[in-house]
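Comments concern the structure below.
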Amino acid sequence: MSGYTDGFWWSPDGLRLHYRDYGGEEAGGNDGRPPLLCLPGLTRNARDFEPLAERLAGQWRLICPDMRGRAESAYAKDPMTYVPLTYLQDIGRLLADLAVTRFVAIGTSLGGLITMLIAATHREWLAGALLNDVGPTLEEAGLARIRTYVGIGQSHPSWVHAARALEESNRDIYPAYDLEQWIAMAKRLYRLNSGGRIVLDYDMRVAEPLRLTGGEEAAPDMWPVMAAFRGIPTQILRGEHSDLLSDATARRMVAEIGEGAELTVVPRVGHAPALDEPESVAAVDRLLARVLRG
(Lines of atoms letter the chains of each structure in order from A and count residues from 1; the text may use other names and numbers.)
(Lines give C-alpha, C1' and ligand atoms only; values in the text may rest on other atoms or scores of the structure.)
Protein backbone atom coordinates (compact mmCIF):
# COMPACT_ATOMS: atom_id res chain seq x y z
CA MET A 1 0.00 0.00 0.00
CA SER A 2 1.22 3.47 -0.88
CA GLY A 3 2.29 5.45 2.16
CA TYR A 4 -0.04 7.95 3.76
CA THR A 5 -0.27 9.95 6.94
CA ASP A 6 -3.35 10.15 9.12
CA GLY A 7 -4.69 13.61 9.78
CA PHE A 8 -7.55 14.97 11.85
CA TRP A 9 -9.60 18.14 11.77
CA TRP A 10 -12.55 19.59 13.67
CA SER A 11 -15.93 20.14 12.06
CA PRO A 12 -17.77 23.44 12.64
CA ASP A 13 -19.98 21.67 15.21
CA GLY A 14 -17.07 20.11 17.09
CA LEU A 15 -16.61 16.61 15.66
CA ARG A 16 -13.11 15.19 15.30
CA LEU A 17 -12.87 13.99 11.71
CA HIS A 18 -10.19 11.93 9.97
CA TYR A 19 -8.48 11.99 6.59
CA ARG A 20 -5.70 10.17 4.81
CA ASP A 21 -3.01 12.26 3.13
CA TYR A 22 -1.12 10.39 0.43
CA GLY A 23 2.07 11.94 -0.88
CA GLY A 24 2.13 15.10 1.19
CA GLU A 25 3.65 18.35 0.01
CA GLU A 26 6.36 16.72 -2.08
CA ALA A 27 3.98 14.81 -4.36
CA GLY A 28 4.20 15.91 -7.95
CA GLY A 29 7.48 17.71 -7.52
CA ASN A 30 7.49 21.45 -8.19
CA ASP A 31 5.16 21.62 -11.17
CA GLY A 32 2.36 23.10 -9.08
CA ARG A 33 -0.12 20.32 -9.72
CA PRO A 34 -3.16 20.54 -7.42
CA PRO A 35 -4.02 17.81 -4.93
CA LEU A 36 -6.82 15.32 -5.54
CA LEU A 37 -9.68 15.59 -3.05
CA CYS A 38 -11.32 12.16 -2.99
CA LEU A 39 -14.89 12.16 -1.68
CA PRO A 40 -16.49 8.75 -1.02
CA GLY A 41 -19.99 7.40 -1.39
CA LEU A 42 -22.74 7.19 1.22
CA THR A 43 -21.53 4.14 3.17
CA ARG A 44 -17.89 4.31 2.06
CA ASN A 45 -14.78 5.89 3.55
CA ALA A 46 -11.20 6.94 2.77
CA ARG A 47 -10.21 3.31 2.17
CA ASP A 48 -12.41 3.31 -0.92
CA PHE A 49 -9.68 5.19 -2.78
CA GLU A 50 -6.86 2.77 -1.99
CA PRO A 51 -6.67 1.47 -5.60
CA LEU A 52 -6.49 5.04 -6.92
CA ALA A 53 -3.84 6.00 -4.37
CA GLU A 54 -1.81 2.88 -5.12
CA ARG A 55 -1.51 4.08 -8.70
CA LEU A 56 -1.20 7.86 -8.31
CA ALA A 57 0.40 8.60 -4.92
CA GLY A 58 3.85 10.06 -5.36
CA GLN A 59 2.83 11.69 -8.62
CA TRP A 60 -0.17 13.48 -7.04
CA ARG A 61 -1.16 14.32 -3.51
CA LEU A 62 -4.42 12.60 -2.54
CA ILE A 63 -6.52 13.89 0.36
CA CYS A 64 -9.11 11.26 1.30
CA PRO A 65 -11.50 12.21 4.12
CA ASP A 66 -13.73 9.97 6.17
CA MET A 67 -17.00 11.87 6.27
CA ARG A 68 -18.66 12.28 9.67
CA GLY A 69 -20.07 8.97 10.90
CA ARG A 70 -17.67 6.88 8.84
CA ALA A 71 -14.57 4.87 9.73
CA GLU A 72 -12.18 6.91 11.93
CA SER A 73 -14.32 10.06 11.98
CA ALA A 74 -16.58 10.77 14.94
CA TYR A 75 -20.25 9.93 14.78
CA ALA A 76 -22.64 12.86 14.80
CA LYS A 77 -24.78 13.55 17.86
CA ASP A 78 -27.61 14.63 15.55
CA PRO A 79 -28.19 12.16 12.70
CA MET A 80 -29.94 14.87 10.70
CA THR A 81 -26.50 16.36 10.07
CA TYR A 82 -25.78 13.40 7.78
CA VAL A 83 -26.69 15.50 4.75
CA PRO A 84 -24.68 16.96 1.84
CA LEU A 85 -24.78 20.58 3.01
CA THR A 86 -23.21 19.60 6.34
CA TYR A 87 -20.59 17.50 4.59
CA LEU A 88 -19.78 20.54 2.45
CA GLN A 89 -19.22 22.62 5.60
CA ASP A 90 -16.98 19.91 7.04
CA ILE A 91 -14.91 19.76 3.85
CA GLY A 92 -14.63 23.54 3.78
CA ARG A 93 -13.10 23.49 7.25
CA LEU A 94 -10.64 20.73 6.21
CA LEU A 95 -9.52 22.70 3.17
CA ALA A 96 -9.04 25.82 5.29
CA ASP A 97 -6.95 23.92 7.83
CA LEU A 98 -4.76 22.50 5.04
CA ALA A 99 -4.58 25.86 3.23
CA VAL A 100 -5.76 24.13 0.05
CA THR A 101 -7.50 26.58 -2.27
CA ARG A 102 -7.45 24.64 -5.55
CA PHE A 103 -7.84 20.94 -6.17
CA VAL A 104 -9.26 18.23 -8.42
CA ALA A 105 -12.41 16.78 -6.87
CA ILE A 106 -13.02 13.07 -7.38
CA GLY A 107 -16.48 12.29 -6.07
CA THR A 108 -18.20 8.91 -6.04
CA SER A 109 -21.99 8.94 -5.66
CA LEU A 110 -22.60 11.08 -2.53
CA GLY A 111 -19.08 12.46 -3.04
CA GLY A 112 -20.18 13.60 -6.48
CA LEU A 113 -23.14 15.45 -4.97
CA ILE A 114 -20.73 17.21 -2.62
CA THR A 115 -18.58 18.06 -5.66
CA MET A 116 -21.63 19.65 -7.30
CA LEU A 117 -22.20 21.76 -4.20
CA ILE A 118 -18.56 22.83 -4.29
CA ALA A 119 -19.03 23.90 -7.92
CA ALA A 120 -22.15 25.84 -6.98
CA THR A 121 -20.58 27.67 -4.03
CA HIS A 122 -16.81 27.76 -4.66
CA ARG A 123 -16.26 27.17 -8.34
CA GLU A 124 -12.83 28.80 -8.11
CA TRP A 125 -11.60 25.90 -5.98
CA LEU A 126 -11.98 23.37 -8.80
CA ALA A 127 -9.04 22.68 -11.10
CA GLY A 128 -10.96 19.65 -12.38
CA ALA A 129 -13.76 17.31 -11.39
CA LEU A 130 -14.75 13.68 -11.74
CA LEU A 131 -18.38 12.81 -11.05
CA ASN A 132 -18.54 9.05 -10.54
CA ASP A 133 -21.96 7.61 -11.38
CA VAL A 134 -24.06 10.44 -10.03
CA GLY A 135 -25.90 13.41 -11.47
CA PRO A 136 -28.59 16.04 -10.85
CA THR A 137 -31.30 13.41 -11.40
CA LEU A 138 -31.10 10.14 -9.47
CA GLU A 139 -33.11 7.16 -10.67
CA GLU A 140 -35.76 5.84 -8.30
CA ALA A 141 -34.66 2.23 -8.89
CA GLY A 142 -31.21 3.00 -7.55
CA LEU A 143 -32.54 5.01 -4.63
CA ALA A 144 -34.91 2.18 -3.72
CA ARG A 145 -32.03 -0.31 -3.75
CA ILE A 146 -29.94 1.98 -1.52
CA ARG A 147 -32.79 2.21 0.98
CA THR A 148 -32.87 -1.59 1.26
CA TYR A 149 -29.39 -1.81 2.78
CA VAL A 150 -28.33 1.54 4.28
CA GLY A 151 -28.55 1.55 8.06
CA ILE A 152 -29.06 -2.20 8.40
CA GLY A 153 -26.30 -3.65 10.57
CA GLN A 154 -24.41 -6.74 9.49
CA SER A 155 -22.05 -8.97 11.46
CA HIS A 156 -19.83 -11.75 10.16
CA PRO A 157 -17.41 -14.18 11.81
CA SER A 158 -14.64 -13.80 9.20
CA TRP A 159 -13.51 -11.70 6.26
CA VAL A 160 -14.46 -14.50 3.89
CA HIS A 161 -18.00 -14.53 5.25
CA ALA A 162 -18.20 -10.74 4.82
CA ALA A 163 -16.86 -11.06 1.29
CA ARG A 164 -19.43 -13.72 0.41
CA ALA A 165 -22.22 -11.52 1.76
CA LEU A 166 -21.00 -8.65 -0.42
CA GLU A 167 -20.86 -10.94 -3.42
CA GLU A 168 -24.41 -12.10 -2.84
CA SER A 169 -25.78 -8.56 -2.75
CA ASN A 170 -23.46 -6.94 -5.31
CA ARG A 171 -22.63 -9.56 -7.93
CA ASP A 172 -24.80 -7.71 -10.47
CA ILE A 173 -22.72 -4.56 -9.90
CA TYR A 174 -19.31 -6.25 -10.18
CA PRO A 175 -19.98 -9.50 -12.07
CA ALA A 176 -16.30 -10.15 -12.88
CA TYR A 177 -15.03 -9.98 -9.28
CA ASP A 178 -13.27 -13.00 -7.78
CA LEU A 179 -12.99 -13.89 -4.09
CA GLU A 180 -9.79 -11.88 -3.64
CA GLN A 181 -11.51 -8.75 -4.96
CA TRP A 182 -14.56 -9.30 -2.74
CA ILE A 183 -12.30 -9.66 0.30
CA ALA A 184 -10.49 -6.45 -0.64
CA MET A 185 -13.84 -4.66 -0.90
CA ALA A 186 -14.94 -6.10 2.44
CA LYS A 187 -11.83 -4.69 4.11
CA ARG A 188 -12.70 -1.25 2.75
CA LEU A 189 -16.32 -1.43 3.92
CA TYR A 190 -16.10 -3.33 7.22
CA ARG A 191 -14.00 -3.26 10.39
CA LEU A 192 -13.15 -5.74 13.14
CA ASN A 193 -15.01 -4.82 16.32
CA SER A 194 -13.96 -5.40 19.93
CA GLY A 195 -15.92 -8.66 20.01
CA GLY A 196 -14.00 -10.11 17.10
CA ARG A 197 -16.86 -9.73 14.61
CA ILE A 198 -16.67 -8.11 11.18
CA VAL A 199 -19.13 -5.19 11.07
CA LEU A 200 -19.94 -2.31 8.72
CA ASP A 201 -17.73 0.71 9.36
CA TYR A 202 -20.28 3.52 9.56
CA ASP A 203 -22.98 4.92 11.83
CA MET A 204 -26.23 3.12 11.02
CA ARG A 205 -28.05 6.42 11.64
CA VAL A 206 -26.81 7.81 8.29
CA ALA A 207 -30.03 6.24 7.00
CA GLU A 208 -32.29 8.53 9.01
CA PRO A 209 -32.22 11.54 6.63
CA LEU A 210 -32.89 9.14 3.75
CA ARG A 211 -36.06 7.93 5.40
CA LEU A 212 -37.33 11.51 5.61
CA THR A 213 -36.18 12.83 2.22
CA GLY A 214 -36.63 9.61 0.27
CA GLY A 215 -33.21 9.77 -1.38
CA GLU A 216 -29.69 11.15 -1.67
CA GLU A 217 -30.85 14.37 -3.27
CA ALA A 218 -28.68 17.38 -2.41
CA ALA A 219 -31.32 19.89 -3.59
CA PRO A 220 -34.70 19.91 -5.37
CA ASP A 221 -33.08 20.88 -8.69
CA MET A 222 -29.36 20.51 -9.26
CA TRP A 223 -29.43 20.95 -13.03
CA PRO A 224 -28.51 24.66 -12.89
CA VAL A 225 -25.29 23.67 -11.12
CA MET A 226 -24.02 22.01 -14.31
CA ALA A 227 -23.29 25.47 -15.68
CA ALA A 228 -20.74 25.97 -12.90
CA PHE A 229 -18.57 23.22 -14.42
CA ARG A 230 -18.24 25.05 -17.74
CA GLY A 231 -14.61 25.69 -18.52
CA ILE A 232 -13.46 23.21 -15.84
CA PRO A 233 -12.07 19.85 -17.04
CA THR A 234 -14.86 17.48 -16.05
CA GLN A 235 -15.04 13.71 -16.38
CA ILE A 236 -18.37 11.96 -15.92
CA LEU A 237 -18.17 8.24 -15.24
CA ARG A 238 -21.19 5.98 -15.60
CA GLY A 239 -21.39 2.27 -14.94
CA GLU A 240 -22.95 0.60 -17.95
CA HIS A 241 -25.53 -1.11 -15.73
CA SER A 242 -25.99 1.73 -13.24
CA ASP A 243 -29.44 1.97 -11.68
CA LEU A 244 -28.74 5.42 -10.19
CA LEU A 245 -27.39 7.45 -13.13
CA SER A 246 -29.23 6.89 -16.39
CA ASP A 247 -27.61 7.15 -19.80
CA ALA A 248 -29.97 10.01 -20.66
CA THR A 249 -29.00 11.97 -17.55
CA ALA A 250 -25.28 11.44 -18.15
CA ARG A 251 -25.55 12.64 -21.74
CA ARG A 252 -27.60 15.65 -20.72
CA MET A 253 -24.90 16.53 -18.16
CA VAL A 254 -22.30 16.61 -20.92
CA ALA A 255 -24.58 18.78 -23.06
CA GLU A 256 -25.31 21.18 -20.18
CA ILE A 257 -21.63 21.58 -19.31
CA GLY A 258 -20.51 21.76 -22.92
CA GLU A 259 -16.86 22.05 -23.83
CA GLY A 260 -14.65 20.54 -21.16
CA ALA A 261 -16.99 17.69 -20.26
CA GLU A 262 -16.37 14.07 -21.21
CA LEU A 263 -18.53 10.99 -20.60
CA THR A 264 -16.97 7.58 -20.07
CA VAL A 265 -19.17 4.50 -19.76
CA VAL A 266 -17.52 1.68 -17.82
CA PRO A 267 -18.70 -1.64 -19.27
CA ARG A 268 -20.06 -4.56 -17.23
CA VAL A 269 -20.29 -2.47 -14.03
CA GLY A 270 -23.23 -1.07 -12.08
CA HIS A 271 -23.28 1.64 -9.40
CA ALA A 272 -20.56 2.66 -9.00
CA PRO A 273 -17.29 2.09 -10.87
CA ALA A 274 -14.44 1.32 -8.45
CA LEU A 275 -11.96 3.52 -10.38
CA ASP A 276 -9.64 0.55 -11.01
CA GLU A 277 -11.34 -0.68 -14.19
CA PRO A 278 -9.23 -0.10 -17.34
CA GLU A 279 -11.78 2.37 -18.67
CA SER A 280 -11.89 4.26 -15.37
CA VAL A 281 -8.09 4.36 -15.15
CA ALA A 282 -7.87 5.80 -18.66
CA ALA A 283 -10.61 8.35 -17.90
CA VAL A 284 -8.84 9.54 -14.74
CA ASP A 285 -5.56 9.84 -16.64
CA ARG A 286 -7.19 11.87 -19.42
CA LEU A 287 -8.76 14.21 -16.85
CA LEU A 288 -5.47 14.75 -15.02
CA ALA A 289 -3.63 15.35 -18.30
CA ARG A 290 -6.15 18.07 -19.14
CA VAL A 291 -5.69 19.61 -15.69
CA LEU A 292 -1.95 19.77 -16.23
CA ARG A 293 -2.40 21.40 -19.60
CA GLY A 294 -4.45 24.09 -17.92
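Residue numbers for the sequence shown, in UniProt numbering: 1 to 294.
Note that beta-carbon positions come from the ideal geometry of N, C-alpha and C, so glycine has one too.
- As far as DSSP is concerned, Asp203 takes part in no beta bridge.
- Pairwise C-beta distances place the segment 169-179 out of contact with the segment 109-121, as fewer than three of them are shorter than 8 Å.
- For Gly112, the enclosing alpha helix (DSSP H) starts and ends at Leu110 to Thr121.
- Leaving aside the five residues that flank Met253 on each side, the residues in its chain whose CB is nearer than 8 Å to its CB run, in chain order, Leu131, Gly135, Pro136, Met226, Ile236, Ala261 and Leu263.
- Ile257: member of the alpha helix (DSSP H) spanning Asp247 to Ile257, first to last residue.
- Residue range Leu36 to Leu39 is occupied by the beta strand (DSSP E) that includes Leu37.
- Burial state of Gly69 is buried, judged by a 10 Å Cβ sphere holding 16 or more other Cβ atoms.
- Ser155 sits in a strand when the DSSP states are folded into three classes.
- Take Gly128, set aside five residues on each side of it, and the residues of its chain with a beta-carbon closer than 6 Å to its own are Val104, Pro233, Leu287 and Val291, in chain order.
- Within its own chain, the residues whose Cβ lies closer than 7 Å to the Cβ of Asp276, once the five positions on either side in sequence are excluded, are Pro51, listed in chain order.
- Rounded to whole angstroms, the gap between the alpha carbons of Ile146 and Val206 is 12 Å.
- Contact between Asp66 and Leu245 does not hold, since their C-beta atoms are separated by about 24 Å, which reaches or exceeds 8 Å.
- With respect to the C-alpha of Trp10, the residue from Tyr75, Asn45, Pro34 and Arg123 having the closest C-alpha is Tyr75.
- The criterion of a C-beta distance shorter than 8 Å is not satisfied by Asp201 and Ala282.
- A residue is called buried once 16 or more other Cβ atoms fall within 10 Å of its Cβ, and Tyr149, having fewer, is exposed.
- Here DSSP, grouped into helix, strand and coil, assigns Glu240 to coil.
- In the three-state reduction of the DSSP assignment, His271 falls in the coil class, being assigned neither a helical nor a strand state.
- If you draw a straight line from the Cα of Gly270 to the Cα of Arg238, it is about 8 Å long.
- Here the segment 94-112 does not lie against the segment 149-164, with fewer than 3 beta-carbon pairs under 8 Å apart.
- When rounded, the separation of the alpha-carbon atoms in Met185 and Ser155 is 15 Å.
- About 14 Å separates the CB atoms of Gly151 and Met80; that is not less than 8 Å, and the two are not in contact.
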